[in-house]
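Residue 651 in full-length UniProt numbering is what sits at position 651 of the first sequence, and the numbering runs on without skipping anything. Backbone N, C-alpha and C define an ideal beta-carbon position, used for all residues, glycine too. Please read all numbers here as calculations on a predicted model, not as lab measurements. Below is one structure, written out as structure tokens; the observations come after it.
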Amino acid sequence: MTILTVQSSYIPSRVPVTKNSNFDQIPSWVSLKSSTSSSSSVKIEHKQGQVENLHLVSLSKNGKLNEAFEFFQEMDKAGVSVSPYSYQCLFEACRNLKSLSHGRLLHDRMRMAFENPSVFLQNCVLQMYCECGSLEDADKLFDEMPELNAASRVTMITAYAGQGFLDKAVGLFSGMLASGEKPPSSMYTTLLKSLVNPRSLNVGRQIHAHVMRTGLCSNASIEIGILNMYVKCGWLVGAKRVFDQMAVKKPVAWTGLMVGYTQAGRARDALKLFVDLVTEGVEWDSFVFSVVLKACASLEELNLGQQIHACVAKLGLESEVSVGTPLVDFYIKCSSFESACRVFQEISEPNDVTWSAIISGYCQMSQFEEAVKTFKSLRSKNAAVLNSFTYTSIFQACSVLADCNIGGQIHADAIKRSLIGSQYGESALITMYSKCGCLDDAHEVFESMDNPDIVAWTAFLSGHAYYGNASEALRLFEKMVSCGMKPNSVTFIAVLTACSHAGLVEQGRHYLDTMLRKYNVAPTIDHYDCMIDIYARAGLLDEALKFMKNMPFQPDAMSWKCFLSGCWTHKNLELGKIAGEELRQLDPEDTAGYVLPFNLFTWAGKWEEAAEMMKLMNERMLKKELSCSWIQEKGKIHRFIVGDKHHPQTREIYEKLKEFDGFMEGDMFQCSMTERREQLLDHSERLAIAFGLISVNGNAREPIKVFKNLRACPDCHEFAKHVSLVTGHEIVIRDSRRFHHFREGKCSCNDYW
DNA sequence: AGTGCTAGGT
Numbered sequence: 001m002t003i004l005t006v007q008s009s010y011i012p013s014r015v016p017v018t019k020n021s022n023f024d025q026i027p028s029w030v031s032l033k034s035s036t037s038s039s040s041s042v043k044i045e046h047k048q049g050q051v052e053n054l055h056l057v058s059l060s061k062n063g064k065l066n067e068a069f070e071f072f073q074e075m076d077k078a079g080v081s082v083s084p085y086s087y088q089c090l091f092e093a094c095r096n097l098k099s100l101s102h103g104r105l106l107h108d109r110m111r112m113a114f115e116n117p118s119v120f121l122q123n124c125v126l127q128m129y130c131e132c133g134s135l136e137d138a139d140k141l142f143d144e145m146p147e148l149n150a151a152s153r154v155t156m157i158t159a160y161a162g163q164g165f166l167d168k169a170v171g172l173f174s175g176m177l178a179s180g181e182k183p184p185s186s187m188y189t190t191l192l193k194s195l196v197n198p199r200s201l202n203v204g205r206q207i208h209a210h211v212m213r214t215g216l217c218s219n220a221s222i223e224i225g226i227l228n229m230y231v232k233c234g235w236l237v238g239a240k241r242v243f244d245q246m247a248v249k250k251p252v253a254w255t256g257l258m259v260g261y262t263q264a265g266r267a268r269d270a271l272k273l274f275v276d277l278v279t280e281g282v283e284w285d286s287f288v289f290s291v292v293l294k295a296c297a298s299l300e301e302l303n304l305g306q307q308i309h310a311c312v313a314k315l316g317l318e319s320e321v322s323v324g325t326p327l328v329d330f331y332i333k334c335s336s337f338e339s340a341c342r343v344f345q346e347i348s349e350p351n352d353v354t355w356s357a358i359i360s361g362y363c364q365m366s367q368f369e370e371a372v373k374t375f376k377s378l379r380s381k382n383a384a385v386l387n388s389f390t391y392t393s394i395f396q397a398c399s400v401l402a403d404c405n406i407g408g409q410i411h412a413d414a415i416k417r418s419l420i421g422s423q424y425g426e427s428a429l430i431t432m433y434s435k436c437g438c439l440d441d442a443h444e445v446f447e448s449m450d451n452p453d454i455v456a457w458t459a460f461l462s463g464h465a466y467y468g469n470a471s472e473a474l475r476l477f478e479k480m481v482s483c484g485m486k487p488n489s490v491t492f493i494a495v496l497t498a499c500s501h502a503g504l505v506e507q508g509r510h511y512l513d514t515m516l517r518k519y520n521v522a523p524t525i526d527h528y529d530c531m532i533d534i535y536a537r538a539g540l541l542d543e544a545l546k547f548m549k550n551m552p553f554q555p556d557a558m559s560w561k562c563f564l565s566g567c568w569t570h571k572n573l574e575l576g577k578i579a580g581e582e583l584r585q586l587d588p589e590d591t592a593g594y595v596l597p598f599n600l601f602t603w604a605g606k607w608e609e610a611a612e613m614m615k616l617m618n619e620r621m622l623k624k625e626l627s628c629s630w631i632q633e634k635g636k637i638h639r640f641i642v643g644d645k646h647h648p649q650t651r652e653i654y655e656k657l658k659e660f661d662g663f664m665e666g667d668m669f670q671c672s673m674t675e676r677r678e679q680l681l682d683h684s685e686r687l688a689i690a691f692g693l694i695s696v697n698g699n700a701r702e703p704i705k706v707f708k709n710l711r712a713c714p715d716c717h718e719f720a721k722h723v724s725l726v727t728g729h730e731i732v733i734r735d736s737r738r739f740h741h742f743r744e745g746k747c748s749c750n751d752y753w
């Protein structure tokens, strides 16, 4: 009957072996390799082609492109022709799998097979090219096609608009109108959806005008399309006008405009609109809830949000993920983490957005370890709810925890799962590696970016700033500018920080003075504070004071804190006293206002005044932060405080420290206080360094990386230099402000910090 | 049609 036979020699090679049910599996025994005579095949050609084509269609629909192509070839060899419908399905498969190479091959075959393919089939090819991202191919075909219909134009216009080639899209569109062809209404909505930024406003208004002329504005979806277009193009006045003129205001219209206000930072206006919506008795839907809650969140309007929560509860929508998730986020933004957790419990099926809100909530609460813990447990139980947002938050958590061990693993995991958010995720990675002391890795991430945005540049620049690589940071800044990037306020903070860490007073002043004129970024008090810091660190205290008096802002707590810091570094008691008073007045909670004057008084031997500072602190229930250092070994973190004897290897650690006894003698020589002399020997950073020396076990290639919560103490800084010299080990200490990289008795900070 | 994320000093 048929030439189709089961052949044992035909072993399916590309059918994947899966453990799951194989209900979608395609039988691979359909073969054209036949031992029967070819004469018989001619007789039943018609019937035979049907079956083969059916198989080809089935393979295409299941996305088995390689097998389909193999089968295609066999059909070819057997002289069985491929039907137009098969071509259509094959093109669809190429489109879905984004396989341009297969698509091109197929297109060539199609040209050979049919002299005059139908417009319909040509449109399939066109669509395939567009969706595979090759507008060039699509363009070429479009020009070659002898006959075009509305669908061909719609395809091209959609593709042009989608890729941002507005001129071309609009050109085709007007050509379509000019030729008298009536575009389908979906054409309008498609085109409107592609207008997503202020640059497209002009085109959008033209379309709007055209819609008005042709009376299409009565079409509800076009009308809402215009409203949303104005929102995206940032013209809220226009959006409001469209809204006001609507005969029937559906919830979509309300939410559209409310989203516009919220995104523009006009949450109050969004809430006003919401009140109107309530008074007009418009029915709410889950979208209304999410926008209102977002507006409440940005204003931290706990009260109103709680009322909305009550409505949600009344309507029994708490378990609904689309309502519960914005509610969770609202409570998190209002710092009511407990309420957020309660709401979260009620959601019956939390999705990835819900989880990302929870994890970013932990980060906002500075519960970074909890964030990582939650991430890990999700990762093992239900990895499907992890998305690029969550990974971005986790990178942030790892950067704060300075844990590049787990951070690196999660980075690798994110690569495997393609879940590194472009720009956001990458910038977070740059910061993570920079703050973990892996500038090389940060560099690699930066280099790998297609289009580093200003955030990425700033993150990388800050990375260099932490290391005291001022020249590299400034070089990067200039390079960034020459690449056409526009620096912003944060960028200048990074630039000024770089100058500060390297003592580049003149340079710092130069950037502060030119940022407005040359880069059109208005300096804020934060920038002035950076400059005070630069002066104060450099010991130019009089300059700093003069600068503070003349700057266009009232000095804030930070201004005085920077100044006070410099007073301590450069041992100026008189100015330090003044600065301390100012700081205590502006921010009585800041311990620096007591601790630094205390240090100064003790240094000057003014014990009574020093005691007074301690008394003040105690009265105000303030506690000096305990100094603590930590180091990672084989993924485990070892923490130390002053004089710590809790570590299981305590004995070895102190033995190790004894090896540097000679150095300590010299150390004591520099010390003025008996009490401090005793403490110096077991400062937390020394314990960590000693532990590091024990655990690296002679492997000098990896630097010993120690992290500290406060600023490095000068004596320990000397100690680290000494250790790096005698042992040949590189030592990195990241204190609360920056990195110190010790090599052969020298520190990267050049003793300036 | 909506909700979730990135760069900063002391």
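Taking the CB atoms as reference points, tell me whether residue i and residue j lie closer together than 7 Å.
i, j, result
"Phe-287", "Thr-255", "yes"
"Lys-561", "Ala-592", "yes"
"Ala-442", "Ile-430", "yes"
"Leu-600", "Leu-575", "no"
"Lys-656", "Leu-693", "yes"
"Ile-653", "Ala-712", "no"
"Ala-470", "Leu-504", "yes"
"Asn-123", "Ala-151", "yes"
"Val-252", "Ala-239", "no"
"Ala-538", "Phe-563", "no"
"Leu-725", "Glu-702", "no"
"Cys-334", "Leu-302", "yes"
"Gly-234", "Pro-183", "no"
"Val-521", "Ser-489", "yes"
"Cys-716", "His-683", "yes"
"Ser-86", "Leu-56", "yes"
"Ala-161", "Leu-191", "yes"
Which one or two residues does DSSP pair with residue i in a beta bridge?
i, result
"His-570", "DSSP output for His-570 lists no bridge partner at all."
"Glu-633", "Lys-636"
"Arg-734", "Phe-707, Phe-739"
"Ile-641", "Cys-628"
"Cys-747", "Phe-742"
Assuming residue i contacts residue j (C-beta within less than 8 Å), just tell me the rounded distance between them.
i, j, result
"Leu-166", "Ser-200", "6 Å"
"Val-321", "Thr-374", "Not really, about 18 Å apart at Cβ, beyond 8 Å."
"Ser-185", "Leu-216", "7 Å"
"Leu-710", "Glu-625", "7 Å"
"Ile-532", "Met-548", "6 Å"
"Ser-319", "Ile-347", "6 Å"
"Leu-496", "Gly-463", "Leu-496 to Gly-463, Cβ: 15 Å. No contact."
"Cys-499", "Leu-541", "Cys-499 to Leu-541, Cβ: 18 Å. No contact."
"Gly-732", "Gly-437", "Position check: residue 732 holds Val in this sequence, whereas Gly was assumed. 5 Å between Cβ atoms; contact."
"Leu-126", "Leu-106", "Their Cβ separation, rounded to whole angstroms, is 13 Å, which puts Leu-126 and Leu-106 out of contact at 8 Å."
"Lys-527", "Ile-578", "First, the residue type needs correcting, since residue 527 is His and not Lys in the sequence shown. Not quite, the Cβ-Cβ distance comes to about 23 Å (not below 8 Å), so this is no contact."
Can you list, in chain order, the residues of its chain with a C-beta nearer than 6 Å to that of residue i? Leave out the 5 residues immediately preceding and following it.
i, result
"Thr-392", "Gly-421, Tyr-424, Gly-425, Ala-428"
"Ser-134", "Leu-100"
"Ile-157", "Ala-169, Leu-172, Phe-173"
"Asp-513", "none"
"Leu-586", "Ala-557"
Going along the chain, which residues of its own chain have a beta-carbon closer than 7 Å to the beta-carbon of residue i, five neighbours each way excluded?
i, result
"Val-595", "Lys-624"
"His-309", "Leu-327"
"Ile-222", "Ser-185, Tyr-188, Thr-189, Val-211, Leu-216"
"Leu-130", "Reading the sequence as shown, one finds Cys at residue 130 and not Leu. Excluding residues within five positions, the ones whose Cβ falls inside 7 Å are Ala-138, Thr-155, Ala-159."
"Gln-88", "Leu-121, Cys-124"
Using C-beta distances below 8 Å, list every residue in its chain close to residue i, excluding the 5 sequence neighbours before and after it, in chain order.
i, result
"Thr-674", "Interpretation of Thr-674 is limited by its pLDDT of 45, a score under 50 that renders its predicted location unreliable; the figure taken from the coordinates is listed afterwards. Excluding positions up to five away in sequence, the list is empty."
"Cys-299", "Here residue 299 is Leu; the residue named in the question, Cys, does not match the sequence. Excluding residues within five positions, the ones whose Cβ falls inside 8 Å are Ala-267, Arg-268, Leu-271."
"Gly-63", "Ala-93, Asn-96, Leu-97"
"Leu-49", "Looking at the sequence shown, residue 49 is not Leu but Gly. Around Gly-49: Val-80, Ser-81, Ser-83."
"Thr-650", "Asp-644"
Task: Length-filtered (4 minimum) alpha helix (DSSP H) runs lying within the segment 547–622 - done: 557–569, 573–586, 592–603, 607–619
Task: Ranges of the alpha helix (DSSP H) found wholly within the segment 169–221, counting only runs of at least 4 - done: 185–193, 201–214
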